[in-house]
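Novice: Residue numbers (our numbering): 317 to 593. Backbone N, C-alpha and C define an ideal beta-carbon position, used for all residues, glycine too. Below is a structure I'd like to ask you about.
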């Protein structure tokens, strides 16, 4: 064995073995009765900086409808300040979407190495999923991006700065006050997509996860000629007590407003956007 071969083995073995620390797919508790259609897909090298993760970085889970068609997709990025969290911590209602003929995907990304690395992972994940859309039953022209906190920061960059083709809507939660993306009215007009934000905070709270920042973004999006919807939920009961839709409060318990007008669920909102495109 020559020295070059030995050096290669010393370097390569640890890298190739890192995936062994992740929890196997058949041992993961996703928290829902139906597991993913495609668990632990990989969009990049399987590196794991946290052995407690329920899947390596660069992995994603896919819930897809049973049919043979190509469906709209929601690609979701978890929160955690770019330092914690994993793909299992998706919004609880989202995996029901395959029953509404919508694909749902939750991604992992590199943690504890800063926003820039995490956001690049998000870009790589979205690109890989689009490139392999047929495998996952996805219509590449009907993409909705969704994020919680840090995940929302990531997805806003992918939508509004990178302007990824095929993205026709965004649905966020736990919207963080500070954003990296250009969210000016001019740029919102150029991108031209509907935005919905649902949070367990009430307008006009302005903490780190800011209801004020969320509604302000939606107001700008409506001013730019696009649709905007805000759903504010009571923290204790989880019930919806605020709804702002396209410039109008149709429900706001703090101001005794309740027009009794209906507002769309996520699946209804997605399909209504598709019908308009």
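Rounded to the nearest angstrom, what separates residue 333 and residue 500 at their Cα positions?
Specialist: Its pLDDT being 32, under 50, residue 333 is placed unreliably by the model, and the measurement read from it follows with that caveat. Residue 333 and residue 500: Cα-Cα distance of roughly 45 Å.
Novice: Can you grab the Cα-Cα spacing for the pair residue 361 / residue 441, in whole Å?
Specialist: Roughly 11 Å separates the two Cα atoms.
Novice: With H, G and I counted as helix, E and B as strand and the rest as coil, what does DSSP make of residue 585?
Specialist: Helix.
Novice: For the pair the stretch 374 to 382 and the stretch 337 to 353, tell me if three or more CB-CB distances fall below 8 Å.
Specialist: They touch, by the three-pair rule.
Novice: Over what stretch of residues does the alpha helix (DSSP H) that includes residue 435 continue unbroken?
Specialist: 431 to 447 is the span of the alpha helix (DSSP H), which, as asked, contains residue 435.
Novice: Using 9 Å as the threshold, is the C-beta distance between residue 392 and residue 423 below it?
Specialist: Yes, these two residues count as a Cβ contact at 9 Å.
Novice: Taking DSSP as the reference, what is the three-state secondary structure of residue 496?
Specialist: Looking at residue 496 - three-state DSSP - the assignment turns out to be coil, as it is neither helix nor strand.
Novice: Quick test of your reading: residue 455 and residue 519, contact by CB under 8 Å. State the CB separation rounded to the nearest angstrom.
Specialist: With a Cβ gap of about 34 Å, residue 455 and residue 519 do not count as contacting.
Novice: Rounded to the nearest angstrom, what separates residue 359 and residue 577 at their Cα positions?
Specialist: C-alpha separation (whole angstroms): 42 Å.
Novice: Can you find the residues in the same chain that come closer than 7 Å, C-beta to C-beta, to residue 551, ignoring five residues on each side of it along the sequence?
Specialist: Counting only Cβ-Cβ distances below 7 Å, and skipping sequence neighbours, we find 516.
Novice: Rounding to the nearest angstrom, what Cα-Cα distance links residue 331 and residue 558 in this structure?
Specialist: Low per-residue confidence applies at residue 331: pLDDT is 32, beneath 50, and the placement is therefore not dependable, though the value from the model is reported in the following sentence. Approximately 49 Å between the Cα atoms of the pair.
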